[in-house]
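Colleague:
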Amino acid sequence: MGLEEPCHRNVRHTYEAPGALIVPCQMGPDCMDIECHAAALEGARLVNVSPSFQFPTGVVMSEERRRALLQWAYVHHACVIEDDFDCEHRLGCGIRRRYGL
Numbered sequence: 001m002g003l004e005e006p007c008h009r010n011v012r013h014t015y016e017a018p019g020a021l022i023v024p025c026q027m028g029p030d031c032m033d034i035e036c037h038a039a040a041l042e043g044a045r046l047v048n049v050s051p052s053f054q055f056p057t058g059v060v061m062s063e064e065r066r067r068a069l070l071q072w073a074y075v076h077h078a079c080v081i082e083d084d085f086d087c088e089h090r091l092g093c094g095i096r097r098r099y100g101l
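In the UniProt record's numbering, the protein residues as written are 1 to 101.
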């Protein structure tokens with residue numbers, strides 16, 4: 001499974017405890033770039049992201065990156081878990097959830 005790196009230790013523990021194989025996906029200026037990690041994620045069926053406010057970086061995932069992630073998930077029959085940590089405190093208009101894209 002793909003997991004943003006860095007991420008909150010409790011998120012990592014949630015997946016490590018039952019034995020998930022975690023592929024750390026480094027953060028860029030507008031969150032995780034799924035295309036950069038596609039080879040490492042070959043066979044993965046799950047990706048966990050925090051698109052509205054990535055902890056601890058505070059980065060917001062761009063709509064382009066969100067669409068690319070959805071396309072990757074569709075092609076690979078994978079699930080995306082969207083952990084919208086702290087989204088209710090975001091100033092200005094919020095971003096659309098993936099389901100709304």
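Note that CB positions come from ideal geometry on N, CA and C, so glycine has one too. Model, not experiment: these values are computed from the prediction.
(1) Tell me the DSSP secondary structure of residue 81 in three-state form.
(2) From what residue to what residue does the alpha helix (DSSP H) around residue 102 run?
(3) Please report the straight-line C-alpha distance between residue 44 and residue 74, rounded to a whole angstrom.
(4) By how many angstroms is the C-alpha of residue 37 removed from the C-alpha of residue 31?
(5) Find the nearest neighbour of residue 26 within the set 53, 19, 57, 64, judged by alpha-carbon distance.
(6) For residue 33, collect the residues of the same chain with a Cβ closer than 7 Å to its Cβ; drop the 5 residues on either side in sequence, then sort them by chain order.
(7) Specify, as a first and last residue, the run of the beta strand (DSSP E) that residue 5 falls within.
(8) Using the C-alpha atoms, what's the distance from residue 49 back to residue 68?
(9) DSSP has residue 126 in a bridge; who is on the other side?
Modeller: Judging by the given coordinates:
(1) As a working mapping, residue 81 is identified with position 81 in the sequence shown. The answer is strand: DSSP assigns residue 81 an E or B state.
(2) The question about residue 102 has no answer, for the chain in this structure spans 1 to 101.
(3) Taking the first residue of the sequence shown as 1, we reach residue 44 at position 44. Taking the first residue of the sequence shown as 1, we reach residue 74 at position 74. Looking at the two C-alpha atoms, the distance is approximately 12 Å.
(4) Here residue 31 refers to the residue found at position 31 of the sequence shown. Here residue 37 refers to the residue found at position 37 of the sequence shown. When rounded, the distance between both Cα atoms is 12 Å.
(5) Here residue 26 refers to the residue found at position 26 of the sequence shown. When each option's Cα is compared against that of residue 26, the closest is 57.
(6) Start at 1 with the first residue of the sequence shown, and residue 33 comes out as number 33. 65, listed in sequence order.
(7) Taking the sequence shown and counting its residues from 1, one reaches residue 5 at position 5. 2-5 is the span of the beta strand (DSSP E), which, as asked, contains residue 5.
(8) Counting from one through the sequence shown, the residue named residue 68 turns up at place 68. Counting from one through the sequence shown, the residue named residue 49 turns up at place 49. Answer to the nearest angstrom: the Cα atoms are 13 Å apart.
(9) There is simply no residue 126 to check, as the chain begins at 1 and stops at 101 in what is shown.
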